[in-house]
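Numbering (the working numbering), first residue to last: 1064 to 1113.
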């Protein structure tokens, strides 16, 4: 069975120029970076690196 042909974005996908989607993506990525930093710090404290 061959993979389905891609014909473009799905009709229910969010639009690229929707301000809510853009800001939601920015906030989500920022929170991910903060969470990564907190977990790295926590791991360093647990391993007594600092």
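A virtual CB, placed ideally from N, CA and C, is assigned to each residue, including glycine.
Checklist line | C-alpha distance - residue 1087 paired with residue 1099, whole-angstrom precision | finding: Linking residue 1087 to residue 1099 through their CA atoms gives a straight-line distance of about 18 Å.
Check: What number of angstroms, rounded off, separates the C-alpha of residue 1084 from the C-alpha of residue 1092?
Finding: In this structure, the straight-line span from the alpha carbon of residue 1084 to that of residue 1092 is close to 12 Å.
Notebook entry, point to check: Helix, strand or coil: how does DSSP classify residue 1110 here?
Noted result: Residue state for residue 1110 is assigned as coil, using DSSP reduced to three classes.
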